[in-house]
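Residue numbers (full-length UniProt numbering): 1 to 639.
Note that the Cβ used here is the ideal one computed from N, Cα and C, for glycine as well.
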């Protein structure tokens with residue numbers, strides 16, 4: 001115990017005896033230095049350096065400060081998310097431990113859920129290789145808040161091996177299995193394996209790594225695979241199977257973990273992420289200190305712009321069955337521009353419905369009780385699993401400071417490509433399983449509105465895929481497993497029937513427009529007033545009564561993806577439109593006969609869904625156990 005009272009309401013300079021080591025027992029979170037090659041924007045995730053780079057980094061755990069320099073660890077990866085530990089774990093206090101060589105001032109700050117910053121305690125430290133510990137109270141963090149520390153060097157100072165600790169052992173054992181689902185990304189997959197294998201802290205906790213390889217470009221054929229396989233040894237389980245989508249790959253990883261390892265926790269990882277290994281340790285350790293088994297997820301940083309926090313957590317709108325950012329979750333926050341100290345909206349605790357499977361840790365007992373993922377191929381499988389866990393009484397937490405880098409959705413539009421089918425079908429499946437509403441009027445109204453919007457945008461392939469999704473939902477739950485191996489080929493074939501579903505990437509094949517950019521310059525401003533929107537929609541319907549003016553192959557105009565709005569395309573007979581990732585174009589052509597055929601069928605099928613929804617809910621819920629059983633998944637794996 002310290003002789004100086006540790007209180008959130010008292011600013012205290014600690015006595016020398018209060019700094020003595022011995023209280024730190026379990027490492028919760030390492031304080032990480034940036035990589036030497038990290039650009040300044042990425043350094044902002046680790047160090048808050050005013051005006052210039054003040055810390056000379058010699059390793060991921062060691063930094064040098066010159067006399068007079070100051071650095072703050074009020075950063076995404078190095079501050080401690082006290083609000084989450086206070087609310088969801090058994091801990092009532094933590095310890096900051098670090099080793100110091102030199103003379104420096106250490107000041108610890110805390111924040112409230114509203115972002116107010118308060119000085120907690122501070123002290124001057126001097127010595128060579130001196131380990132100091134500072135005890136910190138978790139009591140005042142019910143609504144959120146962080147701890148961090150600043151270092152001011154009186155003389156040249158070295159900070160080493162800093163970390164946030166608990167003063168006790170965890171409540172639960174911790175043996176981690178890492179499950180990676182991969183499809184034709186052997187380089188990325190092996191890079192993730194190398195990160196996991198090289199980390200000493202994670203290595204001590206690692207029971208297994210399960211790779212479900214579903215592609216034609218095999219992970220085992222990657223040049224650097226033998227080396228990482230040697231490092232992991234018999235902990236590596238490489239399973240090759242046909243492409244069953246993300247749900248099939250992660251189901252296989254879960255099944256292998258439950259049947260072939262002694263792991264207490266399984267963490268799902270996407271194959272296309274960049275990983276900070278301590279994120280896995282943080283998630284596992286957090287789960288080990290929770291009173292009840294808890295699913296723990298990582299937040300998503302933007303791979304294209306690595307200092308940007310893309311999302312803090314996810315929730316599900318139960319009325320419309322749409323996933324969305326969780327209430328009060330920050331979206332698109334750039335730490336290179338606004339530090340944690342300056343960003344009040346990042347301090348409130350954010351509660352979530354599910355963890356996306358770019359990184360999601362699942363306790364073994366949860367998987368054993370609620371089963372494997374649904375056979376959905378892709379889309380909604382992660383959200384459904386979180387909702388299922390919640391219905392069974394298990395909490396889901398998305399933990400700040402535990403994160404991966406993943407491509408953000410701004411670089412693609414999967415609502416209009418082949419994935420549109422899975423969005424539409426699986427949304428209805430999840431509504432049948434989890435909606436509290438007896439009927440689906442709101443969902444089908446939104447479906448019809450969305451389909452008409454797609455038709456105005458000349459995205460006939462997207463609506464055609466929606467229609468297939470509606471039919472397959474109505475066919476019932478017994479078709480989900482039989483569909484799984486061949487559904488992707490069916491979807492791709494249906495999309496390819498329409499010109500807007502055929503992406504042109506070769507420069508020589510991209511058609512020249514008949515008109516210049518000035519032709520659409522006045523069309524791209526959206527109608528705002530309700531009357532203006534209604535007039536634009538009415539005109540769009542009228543345009544689909546009149547025949548197409550000419551049959552020329554060359555499109556009228558060329559549009560960037562951002563300008564391909566319904567109120568623009570509804571006025572045109574044809575256009576070439578850039579894809580969201582900028583890698584190609586699709587040619588969209590107005591076809592009144594197709595417009596009305598798809599529109600009528602959308603209305604008919606959605607009315608049928610509304611009529612049959614109460615019965616469909618019962619059918620899907622009666623089949624829940626079969627859809628999530630290991631035995632039924634085994635039949636797919638071995639077929």
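Three-state secondary structure assigned by DSSP to residue i
i	result
residue 340	helix
residue 451	helix
residue 350	coil
residue 614	helix
residue 46	coil
residue 30	strand
residue 643	The chain is shown only over 1 to 639; residue 643 falls outside these bounds and no answer can be derived.
residue 381	helix
residue 473	helix
residue 171	coil
residue 72	strand
residue 630	helix
residue 517	helix
residue 266	strand
residue 503	coil
residue 310	strand
residue 619	helix
residue 109	strand
residue 525	coil
residue 2	Low per-residue confidence applies at residue 2: pLDDT is 45, beneath 50, and the placement is therefore not dependable, though the value from the model is reported in the following sentence. Of the three classes helix, strand and coil, the one that applies to residue 2 here is coil, per DSSP.
Cβ-based neighbour list, residue i, same chain, cut-off 8 angstroms, excluding 5 preceding and 5 following
i	result
residue 692	Outside the displayed range of the chain (1 to 639) lies residue 692, so it cannot be described from this structure.
residue 467	598, 601, 602, 605
residue 185	215, 217, 271, 272
Rounded separation between residue i and residue j - CA only
i	j	result
residue 386	residue 287	15 angstroms
residue 607	residue 560	35 angstroms
residue 4	residue 227	Model confidence at residue 4 stands at a pLDDT of 44, short of 50, so the residue's coordinates are unreliable; what they give is reported in the following sentence. Spanning the two alpha carbons is a distance of roughly 52 angstroms.
residue 257	residue 294	18 angstroms
residue 70	residue 56	12 angstroms
residue 145	residue 591	56 angstroms
residue 297	residue 361	6 angstroms
residue 290	residue 86	10 angstroms
residue 397	residue 353	8 angstroms
residue 583	residue 411	10 angstroms
residue 437	residue 321	10 angstroms
residue 350	residue 83	10 angstroms
residue 58	residue 36	8 angstroms
residue 632	residue 77	41 angstroms
residue 347	residue 181	33 angstroms
residue 537	residue 428	27 angstroms
residue 213	residue 375	17 angstroms
residue 457	residue 566	5 angstroms
residue 623	residue 176	31 angstroms
residue 244	residue 519	45 angstroms
residue 452	residue 479	28 angstroms
Cβ shell of residue i (< 6 angstroms), same chain only, five flanking positions each side left out
i	result
residue 155	67, 102, 103
residue 161	61, 99
8 angstroms Cβ cutoff, residue i in contact with chain D
i	result
residue 325	Note that chain D does not occur in the displayed structure, where there is just one protein chain.
Cβ-Cβ distance between residue i and residue j below 8 angstroms
i	j	result
residue 476	residue 381	no
residue 283	residue 399	yes
residue 487	residue 377	yes
residue 660	residue 205	With the chain covering 1 to 639 only, the question about residue 660 has no answer from this structure.
residue 503	residue 579	yes
residue 165	residue 432	no
residue 138	residue 93	yes
residue 278	residue 517	no
residue 125	residue 19	yes
residue 178	residue 219	no
residue 148	residue 301	no
Pick from the options that is closest to residue i, judged by C-alpha positions
i	options	result
residue 507	410, 454, 585	585
residue 221	231, 238, 535	238
residue 142	186, 89, 174, 95	89
residue 120	637, 235, 96, 267	96
residue 274	489, 305, 392, 130	305
residue 63	34, 45, 38, 41	34
residue 131	448, 75, 307, 163	163
residue 490	427, 464, 332	464
residue 618	515, 510, 430	430
residue 158	196, 173, 573, 105	105
residue 494	512, 384, 420	420
Same chain, Cβ closer than 7 angstroms to residue i, five either side skipped, listed in chain order
i	result
residue 389	295, 366, 370, 396
residue 188	271, 272
residue 543	570, 571
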